[in-house]
Every structure is written in structure tokens, then in C-alpha cells.
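Engineer: Dropping the structure in here first, questions after.
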Amino acid sequence: MIKLFYAPGTCALAPHIVLEWIGEPYELLHVKPSDPEYQKINPLGQVPAMIDGDSGVMNQADALLKYLAHKYPNAKLGDNGTLQDAYELDRWLAFLTGDVHPAFFPFFAPQRYTTNDSETDRQSVKQASYRLIDRVYQHLDKHLESKDYLVGDRRTIADPYTFAMTRWGNNLPKSLSDYPNLYRFYQHLREDTGVQRAMEQQGIH
């Protein structure tokens, strides 16, 4: 049975949702990434992490998502078998990992981006992060015009990954509704029963 290590509200929400969509039994383990006991299991101290049987610890959200899509092909959450669709899925997963997620780093942990411990400097870092987040959100918003899903015309592993990071936008000064297509996508996924079950299990809303 797959074990998923998570911290509430992180990008671990994405593989959690996918496991709900797949419908196979799994074990959910709430951890604190900085906990020394968890770091014995996963020295990087990151979530999500996953163990599948004797796989050892696996990490990196996009890699875990692809692993689940390959392990459970009947769930049809990966590409549709064409080269172009495989590229599109990989492209958006890379964008989410390489552009969207890092845009939030200065917002969530501004102390890592300044050598000055003053609150003024930290707020300045956070202000800079808003521009980065706005840029990637605008790109997603434009792409999602007249679309219900990120890739093709069906749900894929890219959708819960996008949902998890869009949810973070509720903490920003700029309203998520200022990105109408992204907001519509977010609300659409919030109505999904698998998404609701995962969020309930994590104690988030």
C-alpha cells in the first residue's frame, strides 16, 4: 500500500487528490517537515514524500504525480498516448514546479531571501513575490480561457497540482477572482468529491 507523507495545505495536496481519484487504498501520514524523526525518513525534510512497498522514499511532487499516473493507467490521469499530449502534460508540470511554486517561496519564507532580519526587509521581499505570482497566475488565467482542464479536455495529474497552488492565492492581497478563468477552474475543482475528501482529511478548506 502507498504511504503518502503530507503537511496540510502544501503541494502534497496534489498527490493526495490523485490518490482519491484513483480509488485504491493508501495510508496518509501527517508530518512536520522540520521534525528530526521525519528527516530520518526523508533527509530533505520535504513534503510530499511517498513510499510504495519497498520503493524507498520518493519525493518531488511532479515525479510522484507521474508515478501514480503510470502505476494506475486505468485512472486515465496521464497523457492520452500521443507525443503532443505527453509534451503538453510535461510542459505544464514543469511550469508548475519551475515557475509557479518558486514564485511563492519569497511569500511563504521571506527570511530566506534577505540577510537583514528587519520586518521591513521581509515585507519588501513579500511585496516582490506578488509580482512573480501575478505573472504566473496571469499566464495560467490566459491558458484556461474556455478550458475546464489544464491539458486537453479531461482531468489529469496537472489539475490537482494547479489547484493546490491556486488555493494559495487566497492568502494574497490581490483577489483570486481578478483572474477569472483561473478562479473558475479553482471553483470547479472545489466541487469535485475527491478534492473535497482530500481537503477534509487534511483539515483545510
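Numbering follows UniProt numbering, with no gaps: position 13 of the sequence shown is 13. Note that the Cβ used here is the ideal one computed from N, Cα and C, for glycine as well.
(1) Would you mind working out which of Gln187, Leu68 and Phe5 sits nearest Met50, comparing C-alpha positions?
(2) Strictly by DSSP, which residues pair up with Ala107?
(3) What residue range does the beta strand (DSSP E) around Met199 cover?
(4) With distances taken Cα to Cα, identify the nearest neighbour of Ala12 among Ala63, Ser55 and Gly56.
(5) Could you check where the beta strand (DSSP E) with Met50 kicks off and where it finishes?
(6) Which first and last residues belong to the beta strand (DSSP E) in which Tyr26 is found?
(7) Identify the residues that DSSP records as bridge partners of Leu4: which are they?
(8) How many angstroms separate the CA atom of Arg91 from the CA atom of Asp99?
(9) Just how far apart, CA to CA, sit Gln84 and Asp121?
(10) How far does the alpha helix (DSSP H) with Val125 in it extend, from its first residue to its last?
(11) So that I know if they touch, is there some Cβ in chain E lying closer than 8 Å to that of Phe107?
Structural biologist: In short, the structure shows the following:
(1) Among Gln187, Leu68 and Phe5, the Cα nearest to that of Met50 is on Phe5.
(2) First, the residue type needs correcting, since residue 107 is Phe and not Ala in the sequence shown. Answer is none; Phe107 lacks a bridge partner.
(3) Looking at the DSSP string, Met199 is not in any beta strand (DSSP E); the run it does join, the alpha helix (DSSP H), is Thr193 to Gln202.
(4) Comparing Cα-Cα distances from Ala12 to each of Ala63, Ser55 and Gly56, the minimum goes to Ala63.
(5) Ala49 to Asp52 is the span of the beta strand (DSSP E), which, as asked, contains Met50.
(6) Tyr26 to His30 is the extent of the beta strand (DSSP E) around Tyr26.
(7) DSSP lists Leu28 and Met50 as the bridge partner or partners of Leu4.
(8) In this structure, the CA atom of Arg91 is about 11 Å from the CA atom of Asp99.
(9) Cα-Cα distance, rounded: 45 Å.
(10) Residue range Glu119 to His143 is occupied by the alpha helix (DSSP H) that includes Val125.
(11) Annotation note: the requested chain E is absent from the structure, which comprises a single protein chain.
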